[in-house]
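Contents: one structure, followed by commentary.
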Amino acid sequence: SQQGEEDPQALSIQEGENATMNCSYKTSINNLQWYRQNSGRGLVHLILIRSNEREKHSGRLRVTLDTSKKSSSLLITASRAADTASYFCATDPDAGGTSYGKLTFGQGTILTVHP
Amino acid sequence: DGGITQSPKYLFRKEGQNVTLSCEQNLNHDAMYWYRQDPGQGLRLIYYSQIVNDFQKGDIAEGYSVSREKKESFPLTVTSAQKNPTAFYLCASTPRFNLGYGYTFGSGTRLTVV
């Protein structure tokens with residue numbers, strides 16, 4: 029079952045602009061993670077935000093989490109052509125206060141950054 | 006360098022044939038996972054293993070089988086019972102399943118039925 033739903037499905041921007049992707053989910057979570065996938069490759073872990081955190085930064089990445097709205101956003105600032113990839117959110121469901129490490133992935137946002 | 010190695014990168018299967026996808030990690034991770042990705046789709050969980058000699062079905066386990074005889078290895082067999090096996094298969098691992106770590110992924114195996 030797909031827990032996370034990303035929005036938009038595709039995003040096209042110019043280099044230097046900011047890119048914002050959103051993720052909504054349905055059930056309680058232990059944490060939410062964002063991954064990047066270059067075409068035909070495996071996924072790369074970008075950032076993890078726990079259910080008791082509201083915002084997290086890593087380099088040009090900023091992630092927010094609103095557990096009351098069951099939503100998260102990923103902001104990439106000052107985008108570069110090398111940021112062109114698919115971005116997935118993944119949720120680690122809360123199984124009675126514990127994690128079983130079974131991530132559920134959304135369908136992803138395809139980001140294209142034009143030089 | 007530590008990581009996850011998936012092989013082969015490309016695999017072609019004839020109708021009615023079983024094939025095995027290899028996944029090896031040297032990260033000393035306890036938990037390993039197999040996901041399937043179809044074009045333009047997210048990832049769906051096939052099987053996972055939290056410890057050696059134990060594994061659990063994911064959301065789409067029918068037509069697949071796994072083993073976990075060694076900590077480093079988690080091979081996936083796509084059996085003839087899997088009616089639509091053409092997809093991109095990704096193996097992942099995490100240090101401990103219950104501590105909320107991110108996954109490390111392999112580079113994937115693209116399976117095509119011919």
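Chains as they are written, first to last, in the numbering used here: chain A, 29 to 143; chain B, 6 to 119.
Note that CB positions come from ideal geometry on N, CA and C, so glycine has one too.
Since we're looking at a predicted model, the values are computed, not measured.
1. Helix or strand or just coil, what does DSSP make of B:ALA92?
2. Check the Cβ of B:GLY111 against every Cβ in chain A and list those closer than 7 Å, keeping chain order.
3. Residue range of the beta strand (DSSP E) that B:TYR52 falls in?
4. Between B:TYR106 and A:LEU76, what straight-line distance do the alpha-carbon atoms span, to the nearest angstrom?
5. Buried or exposed for A:SER29, going by 16 or more other Cβ atoms inside 10 Å?
6. Quick one: which chain A residues come within Cβ less than 7 Å of B:ALA36?
7. Are the Cβ atoms of A:SER142 and B:THR109 separated by less than 9 Å?
8. Looking at the unbroken beta strand (DSSP E) that takes in B:LEU116, where does it start and where does it end?
9. Relative to the alpha-carbon of B:ARG73, which residue among B:GLN55, B:SER85, B:GLY63 has its alpha-carbon at the smallest distance?
10. Among B:THR10, B:GLU20, B:ARG101, B:GLN46, which has the Cα closest to the Cα of B:PHE93?
11. Could you name the residues of the same chain whose beta carbon sits closer than 6 Å to that of B:THR10, not counting the 5 residues immediately before and after it, in chain order?
12. Are A:LYS54 and B:GLY63 close, meaning C-beta to C-beta below 9 Å?
Reading from the atomic positions:
1. Strand.
2. Near B:GLY111 (Cβ distances below 7 Å), the residues of chain A are GLY70.
3. Taken as a continuous stretch (DSSP letters only), the beta strand (DSSP E) holding B:TYR52 covers 48-56.
4. Approximately 8 Å, taken between the alpha carbons.
5. Interpretation of A:SER29 is limited by its pLDDT of 40, a score under 50 that renders its predicted location unreliable; the figure taken from the coordinates is listed afterwards. Exposure of A:SER29 is indicated by the presence of fewer than 16 other C-beta atoms within 10 angstroms of its C-beta.
6. Ordered by position in chain A, the residues that pass the 7 Å Cβ test against B:ALA36 are GLY129.
7. The sequence shown places His at residue 142 of chain A, not Ser. Between A:HIS142 and B:THR109, the CB-CB gap reaches or exceeds 9 Å.
8. Run containing B:LEU116: 114-118, per the beta strand (DSSP E) assignment.
9. When only C-alpha atoms are compared, the closest one is B:GLN55.
10. The shortest Cα separation from B:PHE93 among B:THR10, B:GLU20, B:ARG101, B:GLN46 belongs to B:GLN46.
11. The answer, listed in chain order, is GLU29.
12. Against a cut-off of 9 Å, the Cβ pair of B:GLY63 and A:LYS54 comes out as no contact.
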